[in-house]
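Quick note, the sequences are listed as chains A and Z, same order.
First residue of the first sequence: 25, per this note's numbering; consecutive thereafter.
First residue of the second sequence: 25, per this note's numbering; consecutive thereafter.
In what follows, a single structure is set out as structure tokens and then discussed.
2 protein chains.
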Amino acid sequence: MKRITIKDVAREAGVSITTVSHALSGQGVMKQETRDRVVEIAKKMQYMPDWNGRNLKASETGTLGVFTASIKGYYGILVDAMYEECHANGYEMEIFITDSGDSLLQILLSRRVDGAVILHSGFQERHEKVLQDSELPTVFLDREIQTKYVSSVLFDSYQTGRMAAEYLFSLGHRRLMTIRGENTYDGIERHRGFEDYLKEQGYPLEADYLLNGYFDRWKAYGEMKQFLERKLPLPDAIFAANDDSAFGCIKALVEAGYNVPADVSVLGCDDIELSQWYVPALTTICTHMTDQGATAMKELAGLMRGNCSGKLHMIKGRIIERASCRRAE
Amino acid sequence: MKRITIKDVAREAGVSITTVSHALSGQGVMKQETRDRVVEIAKKMQYMPDWNGRNLKASETGTLGVFTASIKGYYGILVDAMYEECHANGYEMEIFITDSGDSLLQILLSRRVDGAVILHSGFQERHEKVLQDSELPTVFLDREIQTKYVSSVLFDSYQTGRMAAEYLFSLGHRRLMTIRGENTYDGIERHRGFEDYLKEQGYPLEADYLLNGYFDRWKAYGEMKQFLERKLPLPDAIFAANDDSAFGCIKALVEAGYNVPADVSVLGCDDIELSQWYVPALTTICTHMTDQGATAMKELAGLMRGNCSGKLHMIKGRIIERASCRRAE
DNA sequence: CCATTATACCAAAACGTTTTTCTTGAATCA
DNA sequence: TGATTCAAGAAAAACGTTTTGGTATAATGG
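See the structure below:
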């Protein structure tokens with residue numbers, strides 16, 4: 025690959041590289057004519073300053089890094105929201121997809137980003153320590169860390185679980201089922217809140233009515249199908265840990281000849297775009313994913329401007345009533 | 025932000041920076057004891073070689089760049105597929121989201137990527153010329169460019185449009201409607217194929233039966249609703265330029281009291297994940313999006329290994345029969 | 001006419017690496 | 001013993017920039 029450097033431009037223009045640099049950046053003093061000529065030549069030669077060379081010298085790169093394990097589905101929405109906010113604040117955004125916390129840290133320390141948003145379950149305590157030492161402004165999106173240079177944005181999963189139970193209770197349902205997502209911190213918290221509320225109300229969750237959906241449509245579909253084959257009494261209502269498992273669950277119910285919500289109410293969680301398009305339109309708890317991503321990036325941009333760190337933004341769920349839940353007679 | 029450099033390690037270990045570099049990379053000759061000690065110290069200090077410094081020297085960075093205007097929806101799926109393939113080939117992947125072809129080019133030339141996949145409608149002819157000069161191995165995912173260093177992966181949109189018409193014809197439908205996506209090259213081609221086939225069969229598309237959906241659910245929904253208010257005869261079948269507009273279209277039909285497919289068949293295009301979950305399950309043309317992304321990255325990886333360039337991978341659509349289309353009596 | 005100032009430009013240092021070349025002292029060989 | 005090789009490591013150059021600190025030449029002031 026050929027690379028056109030500042031030297032090439034300097035040679036072509038018959039000036040020093042200093043002059044080229046100054047001409048292009050608008051710095052220094054020189055004849056307007058020289059400046060124009062150099063700019064013209066640089067343009068004609070399609071010269072673009074090398075990012076490595078430039079930023080080796082510079083202390084700031086104008087770039088914020090986003091570190092995640094995936095940009096699929098849920099993560100894609102978060103990252104996309106960050107992008108908008110990042111640009112709105114005049115920063116470039118770089119996305120780094122990494123498998124492990126180790127590689128994350130390596131990239132974090134070796135690449136020149138001015139700040140970072142981290143959304144990675146592989147990031148562990150030992151990594152936190154190193155991050156702390158690096159003094160890089162950082163926002164975490166999936167855990168609570170508040171130190172110097174570090175803020176976090178958190179979704180209140182426990183409260184959401186409680187909210188789900190409370191809502192279904194308020195509709196008059198008492199025999200509840202849940203399809204939990206047990207593979208993430210988020211899922212565990214949602215479930216804990218749900219179960220706590222039921223226990224407090226004196227209707228603790230029965231073992232047969234706890235299904236494992238792993239936040240996955242097909243897993244939830246399979247679990248539900250299996251449950252239906254056991255011919256146990258149908259629950260009044262089901263809380264699915266996310267919209268995806270709600271869809272899987274509804275599919276199994278519909279295929280077995282049941283009607284949602286006439287025979288059983290189903291409550292989802294997330295409010296992904298599909299939910300309003302589904303038939304029946306899904307009643308769900310909005311987790312404000314776009315808001316989560318935007319808030320994280322906004323907080324980071326604030327940190328960059330010197331705002332005080334150590335903040336915690338707690339984002340709360342909100343019930344979106346549609347057609348998949350109904351009041352018990 | 026504090027940065028630990030090779031100098032810091034050298035000072036701490038009481039050796040030269042050369043020795044540190046050699047010790048860490050396993051190069052050069054030195055006492056095993058020295059090597060071990062330096063490695064140990066570097067680890068303890070959490071030293072990570074700076075990417076800028078390193079790659080300023082190196083000719084290859086082991087990184088492939090993906091250039092796109094968005095990672096939302098459709099694009100997210102493509103990019104995600106690329107990521108898998110990229111890592112499988114031992115490369116790191118960097119995603120650059122840019123607004124314009126100009127900024128794309130700027131990043132392309134200034135960042136050190138070994139190769140690039142471009143999926144950006146803002147990339148224009150004048151940019152192609154510059155790219156050509158740079159000799160960077162590149163794969164385009166949305167247009168046909170085949171030159172030295174450049175290959176392309178294309179979805180056969182024209183053929184897909186024909187296929188759609190042919191399929192609906194084969195079901196016995198004659199009065200066809202289409203909701204086209206006129207804002208992209210892809211959409212224009214799909215539509216052209218669709219209309220050509222109808223013309224050839226002697227049933228040219230009537231003007232009232234051509235709706236503009238811009239590949240968008242809500243736009244399609246609005247257009248369809250507006251059409252229904254005009255009380256023109258319902259078409260036998262509708263070809264929506266993508267699944268999203270199919271959903272919008274079906275929603276409008278259902279709200280107006282019609283049944284899909286009993287009253288009208290609807291054929292989508294893309295086969296996004298939701299399609300099989302929708303009610304009715306959407307009959308659609310699979311565009312193999314994951315395959316498109318993976319193929320592009322695989323081709324790029326091949327280019328990197330010196331495979332000959334200038335290839336064109338044409339990906340064909342395939343009808344997925346589900347529940348939204350039925351045979352005419 | 002000498003000292004000062006302004007103009008227009010350039011040389012060199014610095015950024016953090018890797019790599020090539022060089023130095024030093026010890027060991028081996030003839 | 002003097003020449004040669006080897007080991008272990010260091011100095012220096014290179015990568016492409018920006019920035020700091022010059023250096024000529026011309027213009028100005030007294």
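Where is the CB? At the ideal position from N, CA and C, for every residue including glycine.
Anticipated Cβ contact below 8 Å, residue i with residue j, distance rounded
{"i": "Z:Leu133", "j": "A:Met72", "result": "4 Å"}
{"i": "Z:Gly205", "j": "Z:Phe239", "result": "4 Å"}
{"i": "A:Asn76", "j": "Z:Leu80", "result": "5 Å"}
{"i": "A:Tyr191", "j": "A:Leu291", "result": "7 Å"}
{"i": "Z:Glu168", "j": "Z:Ser181", "result": "Their Cβ separation, rounded to whole angstroms, is 11 Å, which puts Z:Glu168 and Z:Ser181 out of contact at 8 Å."}
{"i": "A:Gly272", "j": "A:Gly237", "result": "7 Å"}
{"i": "A:Glu253", "j": "A:Ile203", "result": "The pair is not a contact, with the Cβ atoms about 16 Å apart (cut-off 8 Å)."}
{"i": "A:Pro304", "j": "A:Val284", "result": "6 Å"}
{"i": "A:His312", "j": "A:Ala265", "result": "At roughly 17 Å, the Cβ-Cβ gap does not stay under 8 Å, so A:His312 and A:Ala265 are not in contact."}
Beta-ladder partner(s) of residue i, from DSSP
{"i": "A:Leu234", "result": "A:Thr202"}
{"i": "Z:Leu143", "result": "Z:Thr92"}
{"i": "Z:Glu297", "result": "Beta-bridge pairing links Z:Glu297 to no other residue."}
{"i": "A:Ile121", "result": "A:Thr92"}
{"i": "Z:Arg342", "result": "Z:Cys310"}
{"i": "Z:Ile262", "result": "Z:Met201, Z:Val290"}
{"i": "A:His337", "result": "A:Val177"}
{"i": "A:Glu116", "result": "A:Thr87"}
Neighbourhood of residue i by C-beta, 6 Å cutoff - its chain only, sequence neighbours within 5 removed
{"i": "A:Asp295", "result": "Thr308, Cys310, Ile344"}
{"i": "A:Cys110", "result": "Leu88, Met117, Met321"}
{"i": "Z:Glu64", "result": "none"}
{"i": "A:Leu229", "result": "Glu219, Leu222"}
{"i": "A:Arg59", "result": "Ala47"}
Close beta carbons around residue i, own chain, < 8 Å, minus the five adjacent residues each side
{"i": "Z:Val62", "result": "Val33, Ala37, Val39, Thr43, Val44, Ala47, Leu48"}
{"i": "A:Ser158", "result": "Leu132, Leu133"}
{"i": "Z:Gln183", "result": "Gly217, Lys340, Gly341"}
Straight-line Cα distance separating residue j from residue i
{"i": "A:Thr314", "j": "A:Asp104", "result": "8 Å"}
{"i": "Z:Lys172", "j": "Z:Leu327", "result": "10 Å"}
{"i": "Z:Lys255", "j": "Z:Leu165", "result": "41 Å"}
{"i": "Z:Gly339", "j": "Z:Gly317", "result": "Residue identity differs from the one stated: residue 339 of chain Z is Ile in this sequence, not Gly. The straight-line gap from Cα to Cα measures roughly 11 Å."}
{"i": "Z:Ala261", "j": "A:Ala276", "result": "29 Å"}
{"i": "A:Arg27", "j": "A:Gln70", "result": "10 Å"}
{"i": "A:Val90", "j": "Z:Glu323", "result": "27 Å"}
{"i": "Z:Ala325", "j": "Z:Gly334", "result": "14 Å"}
{"i": "A:Tyr107", "j": "A:Leu143", "result": "14 Å"}
{"i": "Z:Arg350", "j": "A:Ala188", "result": "40 Å"}
{"i": "A:Leu195", "j": "A:Val288", "result": "12 Å"}
{"i": "Z:Ala66", "j": "Z:Gly97", "result": "43 Å"}
{"i": "Z:Gly185", "j": "Z:Glu213", "result": "7 Å"}
{"i": "A:Leu102", "j": "A:Arg150", "result": "26 Å"}
{"i": "A:Arg35", "j": "Z:Lys55", "result": "46 Å"}
{"i": "A:Arg136", "j": "Z:Gly100", "result": "25 Å"}
{"i": "A:Gly125", "j": "A:Glu152", "result": "10 Å"}
{"i": "A:Gln170", "j": "Z:Ile274", "result": "48 Å"}
{"i": "A:Ser94", "j": "Z:Asn207", "result": "29 Å"}
{"i": "Z:Leu128", "j": "A:Phe120", "result": "18 Å"}
{"i": "Z:Ala112", "j": "Z:Ser145", "result": "28 Å"}
{"i": "A:Val278", "j": "A:Phe179", "result": "32 Å"}
{"i": "Z:Met25", "j": "A:Ala231", "result": "51 Å"}
Own chain partners of residue i with C-beta closer than 7 Å, once the 5 adjacent residues on each side are dropped
{"i": "Z:Leu306", "result": "Asp267, Ala270, Gly292, Ser299, Arg346, Ser348"}
{"i": "A:Asn331", "result": "none"}
{"i": "A:Pro259", "result": "Arg199, Leu200, Met201, Tyr233, Val288"}
{"i": "A:Thr162", "result": "Gly139, Ala140, Ile142, Leu155, Tyr173, Val174"}
{"i": "Z:Asp352", "result": "One detail in the question is off: residue 352 of chain Z reads as Ala in this sequence, not Asp. Here the set comprises Leu195, Gly196, His197, Asp260."}
{"i": "Z:Trp242", "result": "Gly272"}
{"i": "Z:Phe147", "result": "Gly125, Leu128"}
{"i": "Z:Thr85", "result": "Asn79, Arg136, Val137, Asp138"}
Residue i CB to nearest heavy atom of the ligand SAM below 7 Å
{"i": "A:Glu149", "result": "In the structure on display, the ligand SAM does not appear, and there are no ligands present to speak of."}
- Message: Which complete beta strand (DSSP E) runs does the region 39-94 of chain A hold, if anything under 3 residues is left out?
- Response: Within the region 39-94 of chain A, the complete beta strand (DSSP E) runs of at least 3 residues fall at 87-92.
- Taking only runs of the alpha helix (DSSP H) that begin and end inside the region 133-190 of chain A, which ones reach a length of at least 4 residues, in chain order? 149-158, all fully within the region 133-190 of chain A.
- Item | Length at least 4, wholly inside the region 208-254 of chain Z: the alpha helix (DSSP H) runs in chain order | Taken in chain order, the complete alpha helix (DSSP H) segments of 4 or more residues contained in the region 208-254 of chain Z are 209-225, 241-253.
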